[in-house]
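Before any comments, here is the structure.
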Ligand SMILES: *Cc1c(COP(=O)(O)O)cnc(C)c1O
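Residue numbers (our numbering): 11 to 385.
Rendered as structure tokens:
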């Protein structure tokens, strides 16, 4: 019988230890690996920075979850992004959305300022904008995120992949916000990225980054080198915790997506709220594309804009009692954030916007909490 991705996640890669029958993959902390009498490595490993058993086990599972050929784990999401940018040639052209995870965009802008890369940002709300930002036979990398953080505009991955490939560029997709629900490699992407700090681990207690490649090509070789020599490998204990977090990934995503959908619907008729952005709402501008490229729900992230401007928004964010006022996303606990406070000055995020990461608490309590805070 063919095992599903979900079963593989639940069973941590269907692990059974042939020596003692343990069904939990072991935590191997060793940073060095012994050689035999002929001075050959006894197993597949030499030194921890290049990889070790707990890391390899996790990477096999991650490649499977995103339908890729190989995966690598990093010390954080940003370390994984930095490794991707190492694969871009000097002054190579990179295209990215104008609204995206601000840390990633800050890093792109910094490399651009230093002359290390050439950068074009395109309007994430305009479906034609990506194709016109490309320079045929020149653009090296297109980096997108979908839905984009925190307006949740949806970018069509299949057409982004076609446009990138027509120009000779690779497409990398940040799927942090849509684990499970969107598998970019199946839609033509070359690389899938996850900040495993978020939903992949799911418990707000591990920092990690994941890259999955469609093919073990030249760019992937550069990325692996950047990790092995740059040294930003995930620690074995974090890898072990992440493997454990993945066991409930599908369950968490389904529950938090269902909660988010109910909250979005509730807020969309609330007199204190003028705009709700959630791709699951039938009248959301990105709904049709989202319905095509997402399954298992529309994700756990939504934003809403309150009447009364910035002051009113900040008051809501400081008045909730179940939602915790904190940044980050994808954990089991619900978080609320006044986003423009944490974004850089050049950010185009509206000042009356609140971003929520919906967790797995009972949805009635979450809605009542927002009701009270908006009141
Ligand atoms: C958090 C986040 C990142 C960065 O991940 P870190 O683990 O914090 O380095 C990148 N992209 C998105 C969408 C994120 O939410």
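Heads up, the beta-carbon is just placed ideally off N, CA and C, and yes, glycines get one too.
Quick check on residue 351: does DSSP put it in helix, strand or coil?
In the three-state DSSP reduction, residue 351 falls in the helix class (H, G or I).
Compute the Euclidean distance between the alpha carbons of residue 283 and residue 326, then round it to the nearest angstrom.
Going from the Cα of residue 283 to the Cα of residue 326 covers about 11 Å.
For a quick check, are the C-beta atoms of residue 137 and residue 177 less than 8 Å apart?
The answer is no: Cβ separation not under 8 Å.
Does residue 128 come out as helix, strand or coil in the three-state DSSP assignment?
strand
Could you round the C-beta distance between residue 117 and residue 85 to whole angstroms and report it? I think they count as a contact, below 8 Å.
In fact, because the Cβ distance is near 15 Å, the residues do not count as touching under 8 Å.
Using 8 Å as the threshold, is the segment 257 to 269 in touch with the segment 146 to 158, meaning 3 or more CB pairs across them?
no
Would the beta-carbon of residue 376 be found less than 7 Å away from any heavy atom of ligand 1?
False, no ligand heavy atom lies under 7 Å from that Cβ.
Leaving out five residues on either side along the sequence, give the residues of the same chain with a beta carbon under 8 Å from the beta carbon of residue 306.
190, 191, 260, 263, 264 and 267
Quick check on residue 111: does DSSP put it in helix, strand or coil?
coil
Within the present structure, is the beta-carbon of residue 309 separated from the nearest heavy atom of ligand 1 by less than 7 Å?
Relative to the non-hydrogen atoms of ligand 1, the Cβ of residue 309 never comes closer than 7 Å to any of them.
Here's the rule: buried if 16 or more other CB atoms are within 10 angstroms of the residue's CB, otherwise exposed. What is residue 247?
exposed
Beta-carbon distances below 6 Å to any heavy atom of ligand 1 define the shell here; list its residues in chain order, please.
86, 87, 88, 111, 113, 114, 155, 159, 184, 186, 187, 205, 207, 208, 217, 219 and 339
Less than 7 Å between C-beta atoms, sequence neighbours within five positions excluded: which residues of the same chain meet that for residue 205?
87, 186 and 219
Quick check for students: name the residue ranges of the beta strand (DSSP E) that lie wholly in the segment 155 to 219, counting only runs of 3 or more.
180 to 184 and 201 to 205
Check each candidate in 121, 319 and 115 and name the one with the smallest Cα separation from residue 132.
Among 121, 319 and 115, the Cα nearest to that of residue 132 belongs to 115.
On the DSSP letters alone, give me the boundaries of the beta strand (DSSP E) that residue 315 sits inside.
In the DSSP assignment, residue 315 falls within the beta strand (DSSP E) that extends over 311 to 316.
Whether residue 340 touches residue 310 by CB criterion (8 Å)
yes
Minimum C-alpha distance to residue 33 - residue among 42, 39 and 23:
23
Only counting runs of 4 or more residues, tell me where the alpha helix (DSSP H) segments fall wholly within the segment 257 to 286, in order along the chain.
Segments of the alpha helix (DSSP H) lying fully in the segment 257 to 286: 259 to 277.
Does the distance from the CB of residue 370 to the CB of residue 342 come in under 8 Å?
Going by C-beta atoms, residue 370 is nearer than 8 Å to residue 342.
Looking only at its chain, what residues have a beta carbon closer than 6 Å to the beta carbon of residue 193, apart from the 5 residues adjacent to it on each side?
76 and 77
What do you get for residue 208, buried or exposed, if any count of 16 or more other CB atoms within 10 angstroms of its CB means buried?
buried
Among 372, 250, 383 and 19, which residue has its Cα nearest to the Cα of residue 364?
Nearest option by C-alpha distance: 383.
Roughly how far, in whole angstroms, is the beta-carbon of residue 233 from the beta-carbon of residue 94, given that I think they are within contact range, below 8 Å?
6 Å
Same chain, Cβ closer than 6 Å to residue 336, neighbours up to 5 away in sequence not counted:
345
So is residue 26 buried or exposed if we call it buried at 16+ other beta carbons inside 10 Å?
Exposed, because fewer than 16 other Cβ atoms sit within 10 Å of the Cβ of residue 26.
I'd like the list of long-range same chain contacts for residue 331, defined as Cβ closer than 7 Å, with 5 residues on each side in sequence excluded.
379
Supposed close pair residue 73, residue 242 - CB separation, criterion 8 Å:
No, residue 73 and residue 242 are not in contact; Cβ-Cβ is about 19 Å, not under 8 Å.
Alpha helix (DSSP H) runs contained entirely in the segment 66 to 124, provided each spans 4 or more residues:
87 to 96 and 112 to 123
Burial state of residue 182, where buried means 16 or more other Cβ atoms lie within 10 Å:
buried
Since residue 43 and residue 51 are thought to touch, with beta carbons under 8 Å apart, how far apart are those beta carbons, to the nearest angstrom?
Distance from residue 43 to residue 51 at the Cβ level is roughly 6 Å; contact confirmed, criterion being Cβ atoms closer than 8 Å.
Going by the CB atoms, is the gap between residue 367 and residue 338 shorter than 8 Å?
yes
So, with DSSP's three-state summary, where would you put residue 22?
coil
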